[in-house]
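If you read the protein sequences in the order shown, they are chains A and B.
One point on numbering: in the numbering used here, the residue at position 62 of the first sequence is 62, and numbering is uninterrupted.
One point on numbering: in the numbering used here, the residue at position 49 of the second sequence is 174, and numbering is uninterrupted.
Protein chains: 2
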Amino acid sequence: MSDEFCSCDIVHENIIEIVKQKMPQEEKLYDLAELFKVFGDTTRVKIISALFEAEMCVCDIAELLSMTQSAISHQLRVLRQARLVKHRKEGKVVFYSLDDEHIKTIFNQGLEHILEPRGYEYAIS
Amino acid sequence: MSDEFCSCDIVHENIIEIVKQKMPQEEKLYDLAELFKVFGDTTRVKIISALFEAEMCVCDIAELLSMTQSAISHQLRVLRQARLVKHRKEGKVVFYSLDDEHIKTIFNQGLEHILEPRGYEYAIS
DNA sequence: TTAATATATGAGCAATTGTTCATATGAGCA
DNA sequence: TGCTCATATGAACAATTGCTCATATATTAA
């Protein structure tokens, strides 16, 4: 039962079929990866982490993270497009805050994962 | 109170100070971003999604996702290094399965986020 | 030992991404 | 109107990343 993608002979066709039927739609998995990609950057993680504590303007965030206003503004755009933050204008100043209740859960689960005690460093076989 | 990173004059020093104290350590936020980076790829999301349903060998996953064995093996290494999957050898065949109870929560919260109804497409101002 | 097979891995390349720099926008004020 | 300030944005460049291809490793069988 070998095919074009894998030279192996041991392919468990029944399992593949069952898994294929149970898996979410391709499009949803794509969107999910896109969402996690947004969380996958130190600067954005820091911004989100800061916004957990308080609403902040662009300048505050730049100062807090010791980064340029431009860099922060670019990253806020990414967060906005992922609908993770919302903004509020007050004159020239734009205040950003979190726009999702799931973020906290995702973050906390992520933190729990990285804080788990490691029994051993990974080594194959 | 302007500084080197932001030309703005409106910096809310008190908020910055409070947030700075409450935020997790820099190193933890870095690790967190590294973890989410692992989730931020369609192939890896698909692999994880498949392993939710059943333990699978490398060849099965390659067949399921219509990708080469090499590509899958490379990605499994990334997942292993992030301690998200574990493996079990049975002769020449290596079976992979999930190695973390937090993954499901993270995934489900992520799915809930992307499935949220959008009132409007984002537009600034 | 030799051959075959399942998986792992290193090098290289194309595509993506985060930052910087320069500049645009837009709001408040003189 | 014209000026200043807070933020947004486009282009460009360096760094990272995911795949392919070739090959190495490890296990089983003859």
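We put the CB at the ideal spot given by N, CA and C, even for glycine.
For Met-56/A, the pairing in a beta bridge is given by DSSP as Tyr-96/A. Taking CB atoms only, Ser-174/B has a neighbour in chain A less than 9 Å away.
Taken in chain order, the members of the region 155 to 170 of chain B whose beta-carbon sits within less than 9 Å of a beta-carbon on chain A are Tyr-155, Asp-156, Leu-157, Ala-158, Glu-159, Leu-160, Phe-161, Lys-162, Val-163, Phe-164, Gly-165, Asp-166, Thr-167, Thr-168, Arg-169, Val-170. For a cut-off of 8 Å, the C-beta gap from Arg-44/A to Leu-79/A is around 6 Å, short enough to register as a contact. For Arg-202/B, the enclosing alpha helix (DSSP H) starts and ends at 194 to 206.
The beta carbon of Val-144/B lies closer than 6 Å to none in the same chain, with the five residues before and after it left out. Using beta-carbon distances, Val-144/B counts as an interface residue toward chain A, with a partner under 9 Å. Against Leu-79/A, chain B offers no close residue; the least beta-carbon distance is about 10 Å (beta-carbon pairs closer than 8 Å). Counted as a single uninterrupted DSSP element, the stretch harbouring Val-11/A is not any beta strand (DSSP E), since DSSP gives it neither H nor E.
Counting C-beta pairs with one atom in each stretch, the region 147 to 164 of chain B and the region 45 to 60 of chain A have three or more that are closer than 8 Å, which means they touch.
Nearest Cα to Ala-82/A within the set Leu-65/A, Leu-32/A, Ile-15/A, Phe-107/A: Leu-32/A. Taking a contact to require three or more Cβ pairs closer than 8 Å, the region 103 to 118 of chain A and the region 61 to 78 of chain A do not qualify as touching.
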